[in-house]
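Residue numbers (this note's numbering): 259 to 1089.
No residue lacks a Cβ here, since even glycine has one placed at the ideal position from N, Cα and C.
These notes are about the structure you will find just below.
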Ligand code: ADP
Ligand code: ZN
Ligand code: ZN
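Below, the structure written as structure tokens:
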């Protein structure tokens, strides 16, 4: 008998129990009994199907036990059997089991949910509703003579078919009708419903291929070949090795049956071949230019290389201005790690994984690179992930969740644009990709490099107190000057041009001049849509989303009002819904309107818009960016998607329509974010040999974030911002947790928030924490839910964790419904 798990010595007894992390918002693991057949095959990290209440769930094996430890207060008889072992060879490596455990612990999240988030979508189990007829339903069926209502029809259908999925029923009877009928049937106890787990949606893509066999496997039968058969063999001889079945039919002009006959005669064999769904298939790769590093670059690279050589954990903050050549350093460091037989990971912000960048990496590293981001199809992501899991690819490039990529023997972790907000997952399980990356490197004894032109305040702070080694690239490649940003005071524009002026004369002029020089420009505005909201001039009410405490945005092209939070859409009314007045007023501009104004004013310019509305299709986004980089478009208008990462050499003008809304957000990070955004935007200008110009329109040019952004002086900004954080007790001087309690029923949310708050006060005996709330969250209602917020500030993480852990278990005992409680540690977005 073979013993499967590493952690068991040869003749130790087999594990009889498995501890499972389940993808539920619960902060505990569950124990199941392993039926005999599973005991020898199970490994840590494997997925199993287990019963949970009335449901069946796919969970992850996180520990194996030969007996129940006495600490677990559980009656052995009550332990249920695991139903099915899904993976013989676990998808989740032991390293990731450990890393997710840390993340769940640190972020007060569910281990199972973190594990689920660590796997590519589609691999994770989904559930479907299964309906059956009840005895009561059957009895009634006998009584009805003919089924003429929809309910009766469905009941008949269930009676005939047994267990039927909701999907099948809605397909047969139509969504709108059957949903309601099913609900009623269940309520009347004529049908019952349960959930069944479907293990995977995504599968490897396979196709048939044909290959010639050596003469010794040919059958005795020496009949001469037909013409078609001869053509098949000829075609096969001309290819080296294998050819796709359908290609062979086409090339040899033969039929499938002739190929099959040859297979029977042992001349060739038909094999099933797995196909790699390559996200960069058929894409032309750029040429690799062999650059000589500048002295500054070499100095930085040397430090990183020394650390890689030592093969021990070390963290660097690489603070390099935009265009200082950080990417080149990343590439060389990754090459070094590969040469040592190890693997490397590079995280990039959501939007920075531009087609330009991934192509460049593919050009350098070939198939060793796997790309993981949310714009891939499920199949592509699955295949890329498996190439990493099997070790075929040893470099993972990806966005946030790629931090859990199944790389083995990792030597280097890079987090580019480490300050970027998209590293934080904004829904449960909350985690910060950058911070998990640091811990992953630490566990693996790897080197981690955090790169940015505008480091997060926390990261810079850590480099000052010695947690990270500080590396800097203070100059742009070729000593190109950094574009100085000019602040355009819109108060003056308002006085001379009137209140409707969106563009200052300065910006219009600059656009004109840029175009005259045949150079390109980028115009940025952080608001999608046409108008930011619709206001009634008679009663003063604005039109709000039914589900959210937020005004709807007018989108002209589709003539709809859209909620930017829940995506609710409605027709634009002709009358005020509150007072029926016809005087509706569209206020504020969005990207759509800016684009309109620019098109009217500069009819000779080719203008394209990039924001979430135009880029929902990946291809169109990529095409626009590629066309812009080829110079086929003169101007890009868009949201902050445009601010980051791109390297367009002919862009010499960047205009920012307004930054004031961002500065005014009720969030202690709003100044930092505005500073970062503007510095990044300014970094898009003048990256080639041409000097760049940046114009920022604002009603508040005195603000320190704008002042320091205009001179691109990080150190001065840091000095001022860190003082503010210290004085007002904000991170990095305190450890912060934000607790959000969400429910459609306000009273229910409030009562639970109240219980939790009392438990927090009670557990805060040493008075280490400041507890604020419960108060309405800045977005008091969202997607139909009321939201209350509690903030906990502590002197250090330990105090924070202790207080939280104690309070949460106390609250659970007091029947606080923890399912509606979202704890966010180190929150990034306070809205
Ligand atoms: P960053 O990531 O720091 O903003 P990039 O890595 O995009 O900067 O580099 C900016 C530009 O400089 C790119 O076009 C890059 O190809 C070029 N570059 C980088 N290193 C060198 C070098 N040593 N010599 C010449 N050009 C370089
Ligand atoms: Zn009105
Ligand atoms: Zn909404």
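**Request:** Could I get the ranges of all uninterrupted alpha helix (DSSP H) runs contained in the region 1003–1060, with 4 residues as the minimum, in chain order?
**Result:** With a minimum length of 4 residues, the continuous alpha helix (DSSP H) runs that stay inside the region 1003–1060 are 1004–1021.
**Item:** Rounded Cβ spacing between residue 636 and residue 380 (contact assumed at less than 8 Å)
**Value:** 4 Å
**Message:** Whole angstroms are fine: how far does the CA of residue 866 sit from the CA of residue 677?
**Reply:** Taking the straight line from one Cα to the other gives about 28 Å.
**Prompt:** With C-beta atoms as the reference, is residue 1098 less than 9 Å away from residue 810?
**Reply:** Because the chain here runs from 259 to 1089, residue 1098 falls outside it and cannot be looked at.
**Request:** With DSSP as the reference, label residue 925 as helix, strand or coil.
**Result:** coil
**Asked** So is the beta-carbon of residue 204 under 8 Å away from any non-hydrogen atom of ligand 1?
**Response** This structure cannot speak to residue 204, because the chain is shown only from 259 to 1089.
**Prompt:** How many Å lie between residue 737 and residue 547 at the Cα?
**Reply:** 20 Å
**Message:** Less than 6 Å between C-beta atoms, sequence neighbours within five positions excluded: which residues of the same chain meet that for residue 864?
**Reply:** 891, 892
**Request:** Give the DSSP-derived three-state secondary structure of residue 350 in the structure shown.
**Result:** coil
**Prompt:** Under 8 Å from any heavy atom of ligand 3, does the C-beta of residue 825 make it?
**Reply:** yes
**Prompt:** Are at least three pairs of beta-carbons, each pair with one atom in the region 476–492 and one in the region 511–522, less than 8 Å apart?
**Reply:** yes
**Asked** Smallest Cα separation from residue 339: which of 943, 291, 602, 357?
**Response** 291
**Prompt:** Should residue 794 be listed as close to ligand 3, given that the test is whether its C-beta is under 8 Å from any heavy atom?
**Reply:** Not one heavy atom of ligand 3 is found less than 8 Å from the C-beta of residue 794.
**Message:** Less than 8 Å separating the Cβ of residue 1040 from some heavy atom of ligand 3?
**Reply:** yes
**Item:** residue 1029 beta carbon near ligand 3 (any heavy atom closer than 8 Å)
**Value:** no
**Beta-carbon contacts of residue 733 that lie in its chain and below 6 Å, excluding the five residues immediately before and after** = none
**Prompt:** Going by the C-beta, is residue 804 closer than 8 Å to any heavy atom of ligand 3?
**Reply:** Residue 804 Cβ: within cutoff of ligand 3.
**Message:** Considering just the uninterrupted stretch of the beta strand (DSSP E) at residue 829, what are its terminal residues?
**Reply:** 827–829
**Asked** Does DSSP put residue 1070 in a helix, in a strand, or in coil?
**Response** helix
**Request:** With DSSP as the reference, please indicate the residues paired to residue 1104 in a beta bridge.
**Result:** For residue 1104 there is no data in the structure shown, the boundaries of the chain being 259 and 1089.
**Contacting residues, own chain, Cβ-Cβ under 7 Å from residue 296 (five flanking each side not counted)** = 340, 343
**Asked** In the structure shown, what three-state DSSP assignment does residue 308 receive?
**Response** strand
**Asked** Are there three or more Cβ pairs, one per stretch, closer than 8 Å when the region 752–768 is compared with the region 615–623?
**Response** no
**Prompt:** Would DSSP call residue 898 helix, strand or coil?
**Reply:** helix
**Request:** Would you kindly work out how many angstroms separate the C-alpha atoms of residue 332 and residue 346, rounded to a whole number?
**Result:** 28 Å
**Prompt:** Tell me which same chain residues have a C-beta within less than 6 Å of the C-beta of residue 647, skipping the five on either side of it?
**Reply:** 664.
**Prompt:** Taking all protein chains shown into account, do 16 or more other C-beta atoms lie within 10 angstroms of the C-beta of residue 327, making it buried, or fewer, making it exposed?
**Reply:** exposed
**Cutoff 8 Å; reference residue 579; Cβ partners in own chain excluding five residues on either side** = 711, 731, 732, 733, 734, 740, 941, 970
**Message:** With a threshold of 8 Å (Cβ to nearest heavy atom), would residue 907 be considered close to ligand 1?
**Reply:** Because some heavy atom of ligand 1 lies under 8 Å away, the Cβ of residue 907 counts as near it: yes.
**Request:** Could you spell out the range, first to last residue, of the alpha helix (DSSP H) harbouring residue 395?
**Result:** Taken as a continuous stretch (DSSP letters only), the alpha helix (DSSP H) holding residue 395 covers 393–401.
**Message:** If you reduce the DSSP assignment to three classes, tell me which class residue 323 lands in.
**Reply:** strand
**Prompt:** What separation, rounded to the nearest whole angstrom, lies between the Cα atoms of residue 654 and residue 502?
**Reply:** 29 Å
**Asked** Considering residue 840, what are the terminal residues of the alpha helix (DSSP H) in which it resides?
**Response** No alpha helix (DSSP H) contains residue 840, which DSSP labels as neither H nor E.
**Asked** Under the three-state reduction of DSSP, which class applies to residue 809: helix, strand or coil?
**Response** strand
**Message:** So the candidates are 374, 415, 283, 274; which of them puts its Cα closest to the Cα of residue 317?
**Reply:** 374
**Request:** Say yes only if the C-beta of residue 921 is nearer than 8 Å to one or more non-hydrogen atoms of ligand 1, and no if none qualify.
**Result:** no
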